[in-house]
Amino acid sequence: MSKIEELAQAVETGKAKIVPQLVQEALDEGIDPMEILNKGMIDAMGVVGEKFKNNEIFVPEMLVAARAMKKGVDVVKPHLGAGNSATIGKMIMGTVAGDLHDIGKNLVIMMIESAGFEVVDLGVDVPIEKFLEAAADPDVNIVGCSALLTTTMPSLRDTVAALNKAPNRSQFKIMVGGAPITQEFADEIGADCYTDDAAAAAEAAKKLVQG
Ligand code: B1M
Numbered sequence: 008m009s010k011i012e013e014l015a016q017a018v019e020t021g022k023a024k025i026v027p028q029l030v031q032e033a034l035d036e037g038i039d040p041m042e043i044l045n046k047g048m049i050d051a052m053g054v055v056g057e058k059f060k061n062n063e064i065f066v067p068e069m070l071v072a073a074r075a076m077k078k079g080v081d082v083v084k085p086h087l088g089a090g091n092s093a094t095i096g097k098m099i100m101g102t103v104a105g106d107l108h109d110i111g112k113n114l115v116i117m118m119i120e121s122a123g124f125e126v127v128d129l130g131v132d133v134p135i136e137k138f139l140e141a142a143a144d145p146d147v148n149i150v151g152c153s154a155l156l157t158t159t160m161p162s163l164r165d166t167v168a169a170l171n172k173a174p175n176r177s178q179f180k181i182m183v184g185g186a187p188i189t190q191e192f193a194d195e196i197g198a199d200c201y202t203d204d205a206a207a208a209a210e211a212a213k214k215l216v217q218g
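Quick note on the working numbering: the sequence shown kicks off at 8 and runs consecutively.
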């Protein structure tokens, strides 16, 4: 079994003590950090999701897999991105009200910070008022909203609608994402930008502030 396969299996089975160790070993073997993240961890969470859908595992197993992945992400994080020192913009980012999923949001934050942004993490289950309050900061150029559940897509719609009515709307762009979100939905709800993964989000954020 390759190191990446070993890592994916450890994430899938929620081995939080072994995952960071395997990530470190993969890094020591010279495996590309992006491959470690994508193939060793993100794909493994995809498998976890499928198993949950098929009733092969339940919420507690999903939770331990998520915890294990977070420990692995902590180890790979310093190896992603070149560690920009200059700040090119300020972003606020949160998972919308009703939604507790934060792994994707955290990855987006990690990549956007690596691209040179200051990011304020509003957390999960973020009420509209909190997005509006944070977006009132005159330095904010991008507001990012994540939604992982089909049942929280209406919450994303409401959040974007409220942000679109903010008095300082012309000052920031709205970026949305998350597994059930599509370009079509993003356009329909009036977001400025949609991307389907964290690396694309960082590229898009740079384009948004650079015009
Ligand atoms: Co939940 N969950 N979950 N879950 N969970 C899903 C999302 C699900 C698809 C599983 C399934 O059924 N196959 C399903 C949703 C089905 C649907 O909506 N139709 C589901 C469900 C049903 C639920 C509960 C309702 C289960 C229950 O209680 N019965 C419950 C809801 C709780 C709530 O939020 N109110 C629930 C709970 C949980 C846990 C707490 C146990 C845990 C979350 C832990 C955590 O996040 N701290 C969990 C997990 C781990 C998952 C799966 C397995 C993995 C999610 C994940 O982290 N993926 C997930 C199945 C799956 O996704 N295959 C599932 C990895 C992550 C890197 O991907 O988040 O998509 P993702 O982020 C990507 C992109 O989407 C994008 O970039 C990221 C990185 O590339 N992106 C953006 C995300 N945000 C972006 C923002 C952007 C741009 C790009 O711009 C701003």
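Beta carbons: idealized from backbone N, C-alpha and C, even for Gly.
Q) Mind checking S153: buried by the 16 CB within 10 Å criterion, or exposed? A) Counting every other CB atom within 10 Å of its CB across the protein chains shown gives S153 a total of 16 or more, marking it as buried.
Q) So what's T157 in DSSP terms, helix, strand or just coil? A) Three-state result, T157: helix.
Q: Hey, could you find the ends of the beta strand (DSSP E) V147 is sitting in?
A: Per DSSP, V147 belongs to no beta strand (DSSP E) and is neither H nor E.
Q: Mind checking which residues open and close the beta strand (DSSP E) that includes L129?
A: Note, L129: beta strand (DSSP E), F124 to V133.
Q. When the cut-off is 8 Å and only beta carbons count, does E19 lie next to chain C?
A. Looking at the structure shown, chain C is missing, and only one protein chain is on hand.
Q. Do K84 and F124 come within 8 Å of each other at the CB atom, strictly closer than that value?
A. No, they are not a contact pair.
Q.
At a threshold of 7 Å, does I49 count as lining ligand 1 (C-beta to nearest heavy atom)?
A. Correct: I49 has its Cβ closer than 7 Å to ligand 1.
Q: Let me know if S162 comes out buried or exposed under the rule of 16 or more other beta-carbons within 10 Å of its beta-carbon.
A: Counting C-beta atoms within 10 angstroms of its own C-beta, S162 has 16 or more neighbours from the protein chains shown and is therefore classed as buried.
Q. Buried or exposed: where does N2 fall if 16 or more other Cβ atoms within 10 Å of its Cβ makes it buried?
A. Nothing about residue 2 can be read from this structure; the chain reaches only from 8 to 218.
Q) Secondary structure at M8, three-state DSSP: helix, strand or coil? A) Three-state DSSP puts M8 in coil, outside helix and strand.
Q. Would the C-beta of V55 count as close to ligand 1, meaning under 7 Å from any of its heavy atoms?
A. V55 Cβ: within cutoff of ligand 1.
Q. Would you say the beta carbon of L129 comes nearer than 7 Å to a heavy atom of ligand 1?
A. Checking every heavy atom of ligand 1 against the Cβ of L129, none is found closer than 7 Å.
Q | Rounded C-alpha distance that separates H108 from G130 | A | The alpha-carbon separation between H108 and G130 amounts to approximately 10 Å.
Q: Please find out if some non-hydrogen atom of ligand 1 comes closer than 7 Å to the beta-carbon of D106.
A: Checking every heavy atom of ligand 1 against the Cβ of D106, one is found closer than 7 Å.
Q: Under 8 Å Cβ to Cβ from A169, same chain only, skipping five residues before and after it: list those, please.
A: The residues I135, F138 and L139, in chain order, have a CB closer than 8 Å to that of A169 in the same chain once the five nearest residues on each side in sequence are set aside.
Q | From I196, I188 and E195, residue whose alpha carbon lies closest to that of T202 | A | Just measuring C-alpha positions, the residue of I196, I188 and E195 sitting nearest T202 is I188.
Q. Under the rule that 16 or more other beta-carbon atoms within 10 Å means buried, what is T158, buried or exposed?
A. A residue is called buried once 16 or more other Cβ atoms fall within 10 Å of its Cβ, and T158, having fewer, is exposed.
Q) Per DSSP, V103 forms a beta bridge with which residues? A) Answer is V133.
Q) What number of angstroms, rounded off, separates the C-alpha of V55 from the C-alpha of M48? A) If you draw a straight line from the Cα of V55 to the Cα of M48, it is about 10 Å long.
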